[in-house]
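Peer 1: In our numbering, the protein residues as written are 627 to 916. Before anything else, here's the structure in question.
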Ligand code: AMP
Ligand code: MN
Ligand code: MN
Ligand code: MN
């Protein structure tokens with residue numbers, strides 16, 4: 627059983643359309659896929675439509691990845707099995723969208739001051755109808771050659787403390803968890819080891835995430851050392867959080883792919899262990915969409 631609970635489409639900073647994404651997942655024998663775009667659920671309808679039209683053997687989980695504020699850190703919270711039409715969720719998405727838009731404009735201003743004009747406009751074209759993210763800025767900045775790679779462009783221009791970085795004011799993490807619950811979903815702390823936190827701060831994050839009624843944390847990711855995976859599994863047990871897994875797929879690359887290298891260590895308790903049955907879940911979700 628191949629399960630991938632973290633992926634992106636063109637609705638945010640993924641490079642495949644929702645249609646292409648589910649086709650790829652089915653071709654790669656993924657059984658269960660969650661689409662979790664940054665602060666939007668816009669890819670879900672097209673994905674579900676494609677699955678029905680092409681009769682794909684794939685269960686789609688409605689998801690989202692919400693960028694949140696925790697003690698001034700930007701922390702990502704994945705919601706799975708959400709009702710994408712829940713009013714509280716729709717309100718939150720609307721707020722985040724406004725924040726993304728005004729941040730993007732300000733990023734453009736700051737880069738322009740640093741003699742790199744037109745970046746907001748170009749990022750906007752790359753984002754199209756989708757949620758605008760720093761990844762769109764990064765793609766353009768790499769295209770015009772100001773830095774050779776994504777990580778370098780983040781290091782030089784887009785991460786905290788650099789020219790194009792704008793201090794954030796995302797929704798608070800406890801509020802995001804509460805909204806995911808209101809929408810009927812489970813809240814997963816995404817990629818805990820990607821925030822540059824010391825172990826002490828990481829432990830504080832696990833403690834507070836649990837206190838805020840968070841359900842799970844990501845343990846298995848596509849590219850990760852076995853030691854890190856085991857460490858995350860042990861933390862998930864210690865903090866009484868369920869374990870999730872996901873590729874965080876954005877585009878077809880050399881190392882990362884849908885469903886690739888995803889499995890949980892024995893000691894971890896999977897988030898899907900008390901899901902009713904995958905098929906039943908899919909049917910419930912189709913009813914919600916109708
Ligand atoms: P945003 O949510 O607009 O702040 O954009 C964050 C997105 O940029 C992430 O979801 C990644 O896709 C991408 N990203 C962030 N940091 C890096 C990095 N150091 N290298 C490559 N991509 C990154
Ligand atoms: Mn992204
Ligand atoms: Mn993320
Ligand atoms: Mn992601």
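For each residue, glycine too, the CB sits at the ideal point set by N, CA and C. From a predicted model like this one, the values you see are computed outputs, not experimental measurements.
Of all residues in the structure, which have a C-beta closer than 7 Å to any heavy atom of ligand 2, taken in chain order?
Peer 2: Going by the Cβ distance cut-off, the answer is 634, 638, 639, 664, 759, 761 and 876.
Peer 1: How would you write the range of the alpha helix (DSSP H) that residue 860 sits in, first residue to last?
Peer 2: From DSSP, the alpha helix (DSSP H) with residue 860 extends over 852-864.
Peer 1: In whole angstroms, what is the alpha-carbon distance linking residue 799 and residue 773?
Peer 2: Computed Cα separation, rounded: 32 Å.
Peer 1: Going by C-alpha distance, which of 817, 709, 822 and 744 is nearest residue 869?
Peer 2: For the residues 817, 709, 822 and 744, the minimum Cα distance to residue 869 belongs to 817.
Peer 1: Flag this pair as touching only if the stretch 701-721 and the stretch 793-813 have three or more C-beta atom pairs under 8 Å; answer yes or no.
Peer 2: With the cut-off at 8 Å, the stretch 701-721 and the stretch 793-813 touch.
Peer 1: Say whether the stretch 772-788 touches the stretch 664-680, bearing in mind that this needs 3 or more beta-carbon pairs closer than 8 Å, one atom from each stretch.
Peer 2: With the cut-off at 8 Å, the stretch 772-788 and the stretch 664-680 do not touch.
Peer 1: For the pair the stretch 839-858 and the stretch 818-828, tell me if three or more CB-CB distances fall below 8 Å.
Peer 2: Because the criterion of three Cβ pairs below 8 Å is met, the stretch 839-858 and the stretch 818-828 touch.
Peer 1: On the premise that residue 814 lies in contact with residue 701, defined as a C-beta separation below 8 Å, what is that separation, rounded to the nearest angstrom?
Peer 2: With 8 Å as the limit, residue 701 and residue 814 do not qualify as a contact, their Cβ atoms being about 11 Å apart.
Peer 1: Could you pull out every residue in the same chain whose Cβ sits closer than 6 Å to the Cβ of residue 858, ignoring the five residues on either side in sequence?
Peer 2: Contacts found: 845.
Peer 1: Taking 7 Å as the cut-off, decide whether the C-beta atoms of residue 703 and residue 687 are in contact.
Peer 2: Cβ atoms of residue 703 and residue 687: not closer than 7 Å.
Peer 1: So is residue 697 buried or exposed if we call it buried at 16+ other beta carbons inside 10 Å?
Peer 2: Residue 697 is exposed by the Cβ-count criterion.
Peer 1: In chain order, what residues of the same chain lie with their CB nearer than 6 Å to the CB of residue 765, ignoring the 5 residues before and after it?
Peer 2: Counting only Cβ-Cβ distances below 6 Å, and skipping sequence neighbours, we find 752.
Peer 1: Hey, would you say the C-beta of residue 780 is under 6 Å away from at least one heavy atom of ligand 1?
Peer 2: Yes - ligand 1 has a heavy atom lying nearer than 6 Å to the Cβ of residue 780.
Peer 1: Could you spell out where the alpha helix (DSSP H) holding residue 805 opens and where it closes?
Peer 2: It spans 799-808 - the alpha helix (DSSP H) in which residue 805 sits, taken as one unbroken run.
Peer 1: Does any heavy atom of ligand 3 sit closer than 6 Å to the C-beta of residue 842?
Peer 2: No.
Peer 1: Distance check for residue 782 and residue 788, CA to CA, integer angstroms please.
Peer 2: Residue 788 and residue 782: Cα-Cα distance of roughly 6 Å.
Peer 1: Measure the beta-carbon distance from residue 726 to residue 883 and round it to whole angstroms, keeping in mind my assumption that it falls under 8 Å.
Peer 2: So it is not a contact: roughly 27 Å between Cβ atoms.
Peer 1: Could you please give the first and the last residue of the uninterrupted beta strand (DSSP E) stretch that includes residue 845?
Peer 2: Its beta strand (DSSP E) spans residues 842-847.
Peer 1: Tell me the start and end of each unbroken alpha helix (DSSP H) in the stretch 636-687 that is at least 4 residues and wholly inside, in chain order.
Peer 2: List check, alpha helix (DSSP H) in window: 644-653 and 670-679.
Peer 1: From the DSSP secondary-structure annotation, give me the bridge partner or partners of residue 705.
Peer 2: According to DSSP, residue 705 bridges with 690 and 813.
Peer 1: In chain order, what residues of the same chain have a beta carbon less than 7 Å from the beta carbon of residue 639, not counting five sequence neighbours either side?
Peer 2: So the list reads 664, 759, 761, 762 and 876, once near-sequence residues are dropped.
Peer 1: May I have a chain-ordered list of the beta strand (DSSP E) segments no shorter than 3 residues that lie completely inside the stretch 691-776?
Peer 2: Whole beta strand (DSSP E) segments, 3+ residues: 699-706.
Peer 1: Given that a residue counts as buried once 16 or more other Cβ atoms are within 10 Å of its Cβ, and exposed if not, what is residue 667?
Peer 2: Result: buried.
Peer 1: To the nearest angstrom, how far is it from the Cα of residue 754 to the Cα of residue 893?
Peer 2: Distance between the alpha carbons of residue 754 and residue 893 is about 43 Å.
Peer 1: What does DSSP give as the partner residue(s) for residue 630 in the beta ladder?
Peer 2: DSSP, once it has assigned bridges, lists 659 as partnering residue 630.
Peer 1: How far does the alpha helix (DSSP H) with residue 831 in it reach, from first residue to last?
Peer 2: Taken as a continuous stretch (DSSP letters only), the alpha helix (DSSP H) holding residue 831 covers 825-837.
Peer 1: Quick check: the Cα distance between residue 737 and residue 744, rounded to an integer number of angstroms?
Peer 2: Near 9 Å, if we compare the C-alpha coordinates of residue 744 and residue 737.
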